[in-house]
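Enquirer: Just remember that the numbering used here sits 52 ahead of the position in the sequence shown, which is counted from 1.
Even for Gly, the Cβ is constructed at its ideal location relative to N, Cα and C.
Keep in mind that this is a model prediction, so the values were computed, not measured.
I am attaching a structure below and will ask some questions about it afterwards.
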Amino acid sequence: MENTKVFCNGCGRELDMGREIPQEEALLVEHTWGYFSEKDGERHSFTLCEACYDRIIRSFAIPVKVEEEL
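Shown next, in the form of C-alpha cells:
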C-alpha cells in the first residue's frame, strides 16, 4: 500500500499517516458552496491537525458541542 502524504492546512505540518492506518487523528472538512453564497459551485476542502483544530475552536463565540461516543 502506498503511503499518501497529508498536510495540515493550518500549520503546514505533514501528518503521520503510517503504512496501514493513520498514526494520528485529523479533521477533514469538505463543503460545496450553494446558490446563496458568493462561492456558488465551488468545492472547498482542508485538513487540520488536532493542535490547529484546538487553537481555532478556542476562538469560537459559541463553544463546540462535545459528546462522548459510546
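Using a 10 Å radius around the Cβ and a threshold of 16 neighbouring Cβ atoms, would you call L80 buried or exposed?
Expert: What you label residue 80 is simply residue 28 of the sequence shown in a count that begins at 1. The residue is exposed, with fewer than 16 neighbouring Cβ atoms inside 10 Å.
Enquirer: On the three-state DSSP scale, how would you describe C104?
Expert: Here residue 104 is taken as the residue at index 52 of the sequence shown, counted from 1. Correct three-state label for C104: helix.
Enquirer: Are the region 94-101 and the region 53-71 touching, with three or more C-beta to C-beta distances below 8 Å?
Expert: Taking 8 Å as the limit for Cβ pairs, the verdict is that the region 53-71 does touch the region 94-101.
Enquirer: Using only the alpha-carbon positions, how far apart do I109 and R71 sit?
Expert: If you number the sequence shown from 1, residue 109 lands on position 57. If you number the sequence shown from 1, residue 71 lands on position 19. Approximately 30 Å between the Cα atoms of the pair.
Enquirer: Tell me whether the beta-carbon of E77 lies closer than 8 Å to the beta-carbon of E94.
Expert: Numbered from its first residue, the sequence shown carries residue 77 at position 25. Numbered from its first residue, the sequence shown carries residue 94 at position 42. Cβ distance not < 8 Å, so E77 and E94 don't count as in contact.
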